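Visitor: One structure coming up, written as structure tokens, with questions to follow.
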Amino acid sequence: MRKILTIAAIILYTLTGFAQKDVTKFLGFPVDGSQSEMIKNLKSKGFKLTEVGGTDVLKGRFNGHDVQVFISTESGKVSRIMVCDENTMNETDIKIRFNRLCSQFQDNGKYLPLGDYIIPESEDISYEMDVHNKRYEAIFYQLPEGEALEQLQSTILRKVQSKYTPEQLETPTDEIRNEIITASFDTMIETLKYKPVWFMISELYGKYYISMFYDNEYNRPNGEDL
2 MRKILTIAAI ILYTLTGFAQ KDVTKFLGFP VDGSQSEMIK NLKSKGFKLT EVGGTDVLKG
62 RFNGHDVQVF ISTESGKVSR IMVCDENTMN ETDIKIRFNR LCSQFQDNGK YLPLGDYIIP
122 ESEDISYEMD VHNKRYEAIF YQLPEGEALE QLQSTILRKV QSKYTPEQLE TPTDEIRNEI
182 ITASFDTMIE TLKYKPVWFM ISELYGKYYI SMFYDNEYNR PNGEDL
């Protein structure tokens with residue numbers, strides 16, 4: 002029992018959750034299923050369905066801003082939710098908005114950041130975008146929830162117990178601890194790559210807005226049609 006608690010503590014320290022079928026969520030709804038089902042879900046959150054250029058668009062408030070929500074599907078299943086600011090802003094304001102979003106995601110325990118995306122105050126983003134075609138974007142990974150943690154512990158514990166003897170697990174060396182942490186982290190990254198949430202600065206006629214993407218990579222094309 003003691004060895005299991007020891008290894009479980011290592012895993013808990015390294016990861017927060019795992020699930021093979023756990024998918025990205027937007028406003029608590031899985032980015033999955035049919036488009037009509039997603040529209041119904043978003044309407045329940047106060048979004049209004051309209052049409053822009055022949056495309057269904059949901060308009061509403063999200064994270065304190067007026068936004069337009071676009072739903073992408075692959076083979077009849079929702080694969081991406083795109084959230085765009087409805088109103089554009091100037092360079093100073095978009096930089097503040099982008100950096101604030103970075104901080105909000107960084108401080109949100111539901112996401113794993115893999116980098117620092119803050120734009121320096123002195124940076125001329127209009128020049129960088131126009132002259133150097135620089136993209137200002139940030140990517141985070143949504144951590145699994147609920148039963149994911151139990152599934153992770155069970156999966157990793159089985160692998161660990163099949164690799165090491167009870168004696169090794171009773172008093173794991175630093176090397177074994179590091180191996181377990183590395184294996185757990187690799188498992189997390191392999192899983193979370195299917196649950197990215199990312200955003201970027203978009204430009205329209207000299208003004209700027211944020212485009213945000215909630216992707217379910219399980220449903221996106223992976224070369225099946227090649």
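If you're matching positions, the sequence shown starts at 2 in the working numbering and goes up one per residue.
For each residue, glycine too, the CB sits at the ideal point set by N, CA and C.
Since this is a predicted model, take the numbers as computed values, not measurements.
Kindly provide the ranges of any alpha helix (DSSP H) runs that are 4 or more residues long and lie completely inside the segment 21-54, ordered along the chain.
Guide: 36-44
Visitor: Quick check on the DSSP output: what are the complete alpha helix (DSSP H) runs of length 4 or more inside the segment 65-150, in order along the chain?
Guide: Whole alpha helix (DSSP H) segments, 4+ residues: 92-108 and 126-132.
Visitor: Ignore the nearest five residues each way along the sequence and tell me which others in P222's own chain have a CB closer than 8 Å to its CB.
Guide: Short of 8 Å from the beta carbon of P222, and not among the five residues preceding or following it, lie these beta carbons of its own chain, in chain order: E75.
Visitor: Quick test of your reading: N88 and D117, contact by CB under 8 Å. State the CB separation rounded to the nearest angstrom.
Guide: The beta carbons of N88 and D117 sit about 28 Å from each other, so the pair does not count as a contact at 8 Å.
Visitor: Using 10 angstroms around the beta-carbon of N220, count the other beta-carbons present and answer buried if the total reaches 16, otherwise exposed.
Guide: buried
Visitor: Around the C-beta of K44, are 16 or more other C-beta atoms found within 10 angstroms, so that it is buried, or is it exposed?
Guide: exposed
Visitor: By DSSP, does E176 sit in helix, in strand, or in coil?
Guide: E176: helix per DSSP, three-state reduction.
Visitor: Alpha carbon to alpha carbon, how far is D131 from R98?
Guide: 20 Å
Visitor: For R62, which three-state DSSP category applies?
Guide: strand
Visitor: Using DSSP with H/G/I as helix, E/B as strand and the rest coil, what is P167?
Guide: helix
Visitor: What residues in its chain sit with their C-beta under 7 Å from that of D228, if we drop five residues either side in the sequence?
Guide: Not covered by the structure: residue 228. The range shown for the chain is 2 to 227.
Visitor: Which residues share a DSSP beta bridge with K208?
Guide: Under DSSP, K208 shares a beta bridge with L205.
Visitor: Can you tell me which of R81, I40, Y215 and K208 puts its alpha carbon nearest to the alpha carbon of Y128?
Guide: K208
Visitor: On a Cα-Cα basis, can you pick out the residue from D94, G224, F63 and P114 that is closest to M83?
Guide: F63
Visitor: Since I believe V32 is in contact with K26 (beta carbons under 8 Å), could you give me their beta-carbon distance rounded to a whole number of angstroms?
Guide: 7 Å
Visitor: Can you pull the DSSP bridge partners for P214?
Guide: The sequence as given places Phe at residue 214; Pro does not occur at that position. DSSP lists M83 and W199 as partners of F214.
Visitor: So what's D226 in DSSP terms, helix, strand or just coil?
Guide: coil
Visitor: Do you know how far the Cα of S155 is from the Cα of Y210?
Guide: 44 Å
Visitor: So, is N217 buried or exposed, given that buried needs 16 or more other C-beta atoms within 10 angstroms?
Guide: buried
Visitor: Considering only residues of the same chain and omitting the five flanking positions on each side of G61, which have a CB-CB separation below 8 Å?
Guide: L43, K46, G47, F48, K49, D67, V68 and V70
Visitor: Between V58 and the rest of its own chain, which residues show a CB-CB distance below 8 Å, the 5 nearest in sequence each way excluded?
Guide: Contacts found: L50, T51, E52, Q69, V70 and F71.
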